[in-house]
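Using my numbering, read the sequence shown as starting at 142 and increasing by one per residue. Note that CB positions come from ideal geometry on N, CA and C, so glycine has one too. Keep in mind it's a predicted model, so treat the numbers as computed, not measured. A short worksheet on the structure shown next.
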Amino acid sequence: MLKNTTAYIDASNLKFGIKQSGWELDYKSFRSWLRDKFGVSRAILFMGLIPNNAELYNFLQNIGYEISFKPTITSKEGRTKGNVDGELILCIAKNFYENKLESAVLVSGDGDYHCIVEFLKEKKIPISIVSPNRKYLSLLLKRTNVPIVILDEFINNLRQK
Numbered sequence: 142m143l144k145n146t147t148a149y150i151d152a153s154n155l156k157f158g159i160k161q162s163g164w165e166l167d168y169k170s171f172r173s174w175l176r177d178k179f180g181v182s183r184a185i186l187f188m189g190l191i192p193n194n195a196e197l198y199n200f201l202q203n204i205g206y207e208i209s210f211k212p213t214i215t216s217k218e219g220r221t222k223g224n225v226d227g228e229l230i231l232c233i234a235k236n237f238y239e240n241k242l243e244s245a246v247l248v249s250g251d252g253d254y255h256c257i258v259e260f261l262k263e264k265k266i267p268i269s270i271v272s273p274n275r276k277y278l279s280l281l282l283k284r285t286n287v288p289i290v291i292l293d294e295f296i297n298n299l300r301q302k
């Protein structure tokens, strides 16, 4: 198994996708699952920074996640948004060019990541995709022909009890 396998996790996409399927993710079990299934030594959650969530952030870091924060904005309707796509893509590219990436796991079903998946394929870096569910898995990601795992299929191991 490769030593430098990193999971790049779009936290919002993960949370939304799981919620759409009607269950809640046990983040501790998920971290172990990433290690056991893919050999993930480093798991980075990309998320918007909301000061009131400090306790959650501490919990996630204590169970083995690194967190990459993006400043958030709040719309007139009161919705908080922290779009992390650019940060996640840039982090993967940076890790590649700094020779810190042997293989990658992308946790998202968002087609915006199609370009970085194709880039890693071109550079011969093994990559797998973990999509929260089948319904919100982008056709663009399906067309990359990389291994795709659907989290819904592991609900019994990953569901919050």
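Would you list, in sequence order, the uninterrupted beta strand (DSSP E) runs of no fewer than 3 residues that lie entirely inside the stretch 219-274?
As far as the stretch 219-274 is concerned, its whole beta strand (DSSP E) runs of at least 3 residues are 244-248, 268-272.
Where do the N-terminal and C-terminal ends of the alpha helix (DSSP H) with G158 fall, by residue?
If you number the sequence shown from 1, residue 158 lands on position 17. Looking at the DSSP string, the run of the alpha helix (DSSP H) that includes G158 is 152-161.
Report, in whole angstroms, the separation of the C-beta atoms of I296 and W174, which I expect to be a contact under 8 angstroms.
Position 155 of the sequence shown, counted from the first residue, corresponds to residue 296. Position 33 of the sequence shown, counted from the first residue, corresponds to residue 174. 12 angstroms between Cβ atoms; not a contact.
Can the beta-carbon of I185 be found less than 8 angstroms from the beta-carbon of Y149?
The residue labelled residue 185 in the question sits at position 44 within the sequence shown. The residue labelled residue 149 in the question sits at position 8 within the sequence shown. By the CB criterion at 8 angstroms, I185 and Y149 fall inside the cutoff.
Going by Cα to Cα distance, which pick from F157, I266, Q202, I214 is closest to N274?
Walking along the sequence shown from the start, residue 274 turns up at place 133. Answer by Cα proximity: F157.
With three or more C-beta pairs closer than 8 angstroms as the rule, is the stretch 195-212 touching the stretch 235-243?
no
Got a sec, what are the start and stop residues for the beta strand (DSSP E) R183 sits in?
Working through the sequence shown from its first residue, we reach residue 183 at position 42. First-last of the beta strand (DSSP E) with R183: 181-190.
Throw me the rounded Cβ distance for the K264 and V287 pair, which I believe falls under 8 angstroms.
Start at 1 with the first residue of the sequence shown, and residue 264 comes out as number 123. Start at 1 with the first residue of the sequence shown, and residue 287 comes out as number 146. Actually they are not in contact, since the Cβ atoms of K264 and V287 sit about 13 angstroms apart, beyond 8 angstroms.
Consult DSSP for I204 and reduce its assignment to one of helix, strand or coil.
Counting from one through the sequence shown, the residue named residue 204 turns up at place 63. The answer is coil: DSSP assigns I204 none of H, G, I, E or B.
In the DSSP assignment, the alpha helix (DSSP H) including L166 goes from what residue to what residue?
Along the sequence shown, one-based indexing puts residue 166 at 25. Taken as a continuous stretch (DSSP letters only), L166 belongs to no alpha helix (DSSP H), as it is neither H nor E.
At the level of alpha carbons, what is the spacing between V246 and I204?
Residue 246 sits at position 105 when you count from the first residue of the sequence shown. Residue 204 sits at position 63 when you count from the first residue of the sequence shown. Distance between the alpha carbons of V246 and I204 is about 18 angstroms.
Spatial neighbours of R300 within its chain, please: CB distance less than 6 angstroms, with the 5 preceding and 5 following residues excluded, ordered by chain position.
One-based indexing of the sequence shown puts residue 300 at position 159. If the five residues before and after R300 are omitted, its C-beta is found closer than 6 angstroms to the C-beta atoms of W164, all from its own chain and listed in chain order.
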